[in-house]
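Novice: Numbering (the numbering used here), first residue to last: 61 to 248. Each residue gets a CB set at the ideal place from its N, CA and C atoms; glycine is no exception.
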Amino acid sequence: MKIFLSILILIFNIQSWTKADDIKTFEIEGITIGEPLLSHFTKAQIKNSNKNNYPKSNKFVGVEIRLTNPDQYELVQIHYDSELIIHSVAGVVFLENIKNCYSRQQEIKNQLKSLFENYEIFEDTLVHRQDPSGKSSWTGVEFSLKTGDALIHCTDWSKDFERNGYKDSLRIEISTKKFSDFLRYEAY
61 MKIFLSILIL IFNIQSWTKA DDIKTFEIEG ITIGEPLLSH FTKAQIKNSN
111 KNNYPKSNKF VGVEIRLTNP DQYELVQIHY DSELIIHSVA GVVFLENIKN
161 CYSRQQEIKN QLKSLFENYE IFEDTLVHRQ DPSGKSSWTG VEFSLKTGDA
211 LIHCTDWSKD FERNGYKDSL RIEISTKKFS DFLRYEAY
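1. Can you tell me the Cα-Cα spacing of Asn160 and Glu89, whole angstroms?
2. Going by alpha carbons, who is nearest to Leu155 out of Asp216, Ile91 and Thr92?
3. Go ahead and label Leu65 buried or exposed: buried means 16 or more other beta carbons lie within 10 angstroms of its beta carbon, across all protein chains shown.
4. Buried or exposed, going by whether 16 or more other CB atoms sit within 10 Å of the CB of Ala104?
5. I want to know whether the segment 169-180 touches the segment 221-235 - three or more CB-CB distances under 8 angstroms.
6. Within its chain, find whatever has a CB closer than 6 angstroms to the CB of Asn112; leave out the 5 residues flanking it on each side and keep chain order.
7. Where in the segment 131-205 do unbroken runs of the alpha helix (DSSP H), each at least 4 residues long, occur, reported from the N-terminal end onward?
8. Under the assumption that Val152 contacts Tyr133 (Cβ atoms under 8 angstroms), give the Cβ distance between them as a whole number of angstroms.
9. When the Cα of Ile158 is compared with those of Glu143, His139, Thr199 and Ala150, which residue comes out closest?
10. Given Gly225, which residues of its chain have a CB within under 7 angstroms of its CB, disregarding the five upstream and five downstream residues?
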């Protein structure tokens, strides 16, 4: 348990134990929102990555990049604007057992409660929109701050999706308010 909490602290690379209200004080794999994407990845890496586009708007583009020497995560997903400024960064860990995800999610939630000062928290389990069978689920905890959001997601793919290469995962994300509002009101 002590080792996991130490790792959790590294997840966000907290500089001090003071309570935080600015989402930009956190990092995932050394990346934080508000930075230029090109300060972390080359144009070739960005071009060759998996892209995430949204059906109703092209205000933001997402890329998924597998990390060769990760500290904590197997891949990062980054959303950026037309000026290549990062508005969201997420770290993903793939799991063999979804039950491990829920216990980790609870531990991270409790840690974030002690780090954030002014926040609203939302929790929900939904059917994953990528699975038309309705058998895959997404369980999320969202901390909403004035400057953005911190999210902890567990994705439990159905057996059919797992046979197609999908893996259950734990995802930790930080996003600007602008990107979070885009997802809520414009993207879909």
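Specialist: By the coordinates alone:
1. Between the alpha carbons of Asn160 and Glu89 lies a distance of about 22 angstroms.
2. Out of Asp216, Ile91 and Thr92, Asp216 has the C-alpha closest to the C-alpha of Leu155.
3. The pLDDT assigned to Leu65 is 37, lower than 50, so where the model puts this residue is not dependable, and the model offers no usable value.
4. By the Cβ neighbour-count rule, Ala104 is exposed, with fewer than 16 other Cβ atoms within 10 Å of its own.
5. Contact between the segment 169-180 and the segment 221-235 is absent, because fewer than three Cβ pairs lie under 8 angstroms.
6. Gly122.
7. You should have 158-175.
8. That pair is a contact at about 6 angstroms.
9. Nearest C-alpha to Ile158 among Glu143, His139, Thr199 and Ala150: Thr199.
10. Within the same chain, no Cβ atom closer than 7 angstroms to the Cβ of Gly225 is found once the five residues on either side in sequence are excluded.
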